[in-house]
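First the structure, in the form of structure tokens, and then the observations on it.
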Amino acid sequence: MKSRIFLSLAIFSFVLFTASCGKEELFATVSIQETGSDLGGDVTGDGGSTQRSYTWNNSLNTVDYNMDITASLSGSFNLRIDDADGNNVLNQTLVAGKGEDTKSGVSSTGAAGDWTITVTLTNFNGDGSFSVSPGN
Numbered sequence: 000m001k002s003r004i005f006l007s008l009a010i011f012s013f014v015l016f017t018a019s020c021g022k023e024e025l026f027a028t029v030s031i032q033e034t035g036s037d038l039g040g041d042v043t044g045d046g047g048s049t050q051r052s053y054t055w056n057n058s059l060n061t062v063d064y065n066m067d068i069t070a071s072l073s074g075s076f077n078l079r080i081d082d083a084d085g086n087n088v089l090n091q092t093l094v095a096g097k098g099e100d101t102k103s104g105v106s107s108t109g110a111a112g113d114w115t116i117t118v119t120l121t122n123f124n125g126d127g128s129f130s131v132s133p134g135n
């Protein structure tokens, strides 16, 4: 009888211990910095996913953009920009290990005013950066 109680307690303790030793929480972060009329930021992650949006005033009708992943092991980094009327003027994605690790250029033409910049990290493991400035 004592051995059954001991065995039951041992099994219960083992189950409790293994349940409390779960995996660490995955994270992904987007930090946005505003510098005058330009907008920029950094992205980091260890396999997590997140999305962050920012309203930015663009007095012109295009933007110049740059985005890169400098040490990404996996996942994707998406930069989406919608103009003041809510129309999409840019939607670019970098995927770790597939194709380019940097993109830059000029957005499509849109309506001047408050634009929405949305950064989405999906299963992102690594780091990178982005910048947006009024187009010429």
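In terms of numbering that gives the first Met the number 0, the sequence shown opens at residue 0 and continues consecutively. From the three backbone atoms N, C-alpha and C, an ideal C-beta is built for every residue, glycine too.
- Task: Take Asp45 and list the residues in its own chain whose beta-carbon comes closer than 7 Å to its own, dropping the five residues that flank it on each side.
- Result: Reading the sequence shown from its first residue, position 46 is the one you call residue 45. Around Asp45: Leu25, Phe26, Asn124.
- Item | The beta strand (DSSP E) enclosing Lys102, as first and last residue numbers | Here the question's residue 102 lines up with position 103 in the sequence shown. Counting along the chain, the beta strand (DSSP E) containing Lys102 begins and ends at 101–105.
- Apart from the five residues just before and just after Asp100, which ones in its own chain have a Cβ nearer than 7 Å to its Cβ? If you number the sequence shown from 1, residue 100 lands on position 101. Asp67, Ile68, Leu93.
- Query: Where Ser138 and Leu78 are concerned, what is the direct C-alpha to C-alpha distance, given to the nearest angstrom?
  - Reply: No information on residue 138 is available, as it lies outside the stretch 0 to 135 that the chain covers here.
- Message: For the beta strand (DSSP E) containing Thr48, name the first residue and the last one.
- Response: As a position in the sequence shown, residue 48 is number 49, starting the count at 1. The residue asked about is misnamed: residue 48 is Ser in this sequence, not Thr. 37–57 is the extent of the beta strand (DSSP E) around Ser48.
- Item | Buried/exposed call for Val105, threshold 16 Cβ in 10 Å | Within the sequence shown, numbered from 1, the residue matching residue 105 stands at position 106. Label assigned to Val105: exposed.
- Item | Those runs of the beta strand (DSSP E) which lie wholly inside the segment 59–86 and span at least 3 residues | 62–68, 73–81
- Message: Short of 6 Å in beta carbon distance, which residues of its chain neighbour Thr28, apart from the five on each side in sequence? Order them along the chain.
- Response: To locate residue 28, count along the sequence shown from 1; it is residue 29. Excluding residues within five positions, the ones whose Cβ falls inside 6 Å are Thr43.
- Item | Simplified DSSP state of Gly112, which is helix, strand or coil | Within the sequence shown, the letter at position 113 stands for residue 112. DSSP places Gly112 in strand when its eight states are reduced to three.
- Nearest to Asn135 (by Cα), restricted to the options Ile80, Thr108, Trp55: In the sequence shown, residue 135 corresponds to position 136, counting from 1. Ranking the options by Cα distance to Asn135, first place goes to Thr108.
- Where does Phe129 fall in DSSP's three states? Taking the first residue of the sequence shown as position 1, residue 129 is located at position 130. Note: Phe129 maps to strand in three-state DSSP.
- Could you say which of Ile116, Leu72, Leu59, Gln50 lies nearest to Asn87 if we only look at CA atoms? What you label residue 87 is simply residue 88 of the sequence shown in a count that begins at 1. Comparing Cα-Cα distances from Asn87 to each of Ile116, Leu72, Leu59, Gln50, the minimum goes to Ile116.
- Query: So, Ser132 versus Asp63, is the Cβ gap smaller than 7 Å?
  - Reply: For the purposes of this step, residue 132 is taken as residue 133 along the sequence shown, with counting starting at 1. For the purposes of this step, residue 63 is taken as residue 64 along the sequence shown, with counting starting at 1. Yes.
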